[in-house]
Amino acid sequence: MLLSFKTALIPNNGQVTAFRKASGVARHAYNWANAQVIDILATQKEGEKLKLPSAIDLHKKLVAEVKSEHIWYYEVNKNVPQKALADLRQAWDRCFSKTSKQPRFKKKGQHDSFYLESGTKAKPAIKNDGKRIKLPSIGWVRLAEPLPITATHNCVISRQADKWFISVKYEVEKPPILADRPTIGVDIGIKELAVCSHGEVF
128 MLLSFKTALI
138 PNNGQVTAFR
148 KASGVARHAY
158 NWANAQVIDI
168 LATQKEGEKL
178 KLPSAIDLHK
188 KLVAEVKSEH
198 IWYYEVNKNV
208 PQKALADLRQ
218 AWDRCFSKTS
228 KQPRFKKKGQ
238 HDSFYLESGT
248 KAKPAIKNDG
258 KRIKLPSIGW
268 VRLAEPLPIT
278 ATHNCVISRQ
288 ADKWFISVKY
298 EVEKPPILAD
308 RPTIGVDIGI
318 KELAVCSHGE
328 VF
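In structure tokens form, the structure reads like this:
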């Protein structure tokens, strides 16, 4: 069973720099992909069936055309741009289903955030010792509140004002479901001391 937990982080100066880089890559990838989709829509002919690139297609193109020109992409974990592209694609899906408006371009300093995954259970990339959490490509970061020492599946690092926060999903054992015990009614009488609903007489 997965539970959620959010608390403030206490990063050092180097870690704050790493957070800003990762947030910048996430924002750049999101905005680049948004521009790609808008260009496709602008060149679409009337009556032509709409075919937008998937998050995987966008990532392949980003690797081929963008990362080589922006080497700072290689300074952050690969999950960061991948999740940004997936988020952008989902935002357009919601737009076409008319459940939300057209995705906007993200601005620096507004809702800065990025996503990280733990990987496999055998070799988890995200670990914690209760007081600190180890983030891939960043290292051990102090937590403002203790986190249960258990498997962490993924996390989102976000900035609010001048503080950085972490939201994690971690695994706990599901509590056992107790079997319902049969119940009986008891009628206290005059001739018999008691008569149970299943017929037994006392």
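The numbers in the sequence shown follow my numbering, run straight up by one, and end at 329.
Even for Gly, the Cβ is constructed at its ideal location relative to N, Cα and C.
Residue span of the alpha helix (DSSP H) that contains Y242, given as start and end: Numbered from its first residue, the sequence shown carries residue 242 at position 115. Y242 -> not in any alpha helix (DSSP H); beta strand (DSSP E) instead, spanning 240-244.
Nearest residue (CA-CA) to S240, options I293, T277, Y201: Reading the sequence shown from its first residue, position 113 is the one you call residue 240. Minimum Cα distance to S240 is reached at I293.
DSSP-derived helix/strand/coil call for H103: Nothing can be reported for residue 103, as the shown portion of the chain is limited to 128 through 329.
First and last residue of the uninterrupted beta strand (DSSP E) at A135: Within the sequence shown, numbered from 1, the residue matching residue 135 stands at position 8. Element bounds for A135: 129-137.
Selected residue, minimal CA-CA separation from R154, among W219, W267, A211: Along the sequence shown, one-based indexing puts residue 154 at 27. R154 has its Cα closest to that of A211, out of W219, W267, A211.
Residue interval of the beta strand (DSSP E) (run including V268): Counting from 1 along the sequence shown, the entry for residue 268 is found at position 141. Its beta strand (DSSP E) spans residues 266-270.
Identified DSSP bridge partners for R259: As a position in the sequence shown, residue 259 is number 132, starting the count at 1. R259 is bridged to R269.
Range covered by the alpha helix (DSSP H) that runs through F146: Taking the first residue of the sequence shown as position 1, residue 146 is located at position 19. Its alpha helix (DSSP H) spans residues 140-169.
Buried/exposed call for W159, threshold 16 Cβ in 10 Å: Start at 1 with the first residue of the sequence shown, and residue 159 comes out as number 32. Result: buried.
Cα-Cα separation, W199 to Q209: Taking the first residue of the sequence shown as 1, we reach residue 199 at position 72. Taking the first residue of the sequence shown as 1, we reach residue 209 at position 82. Cα to Cα, the separation comes out at about 15 Å.
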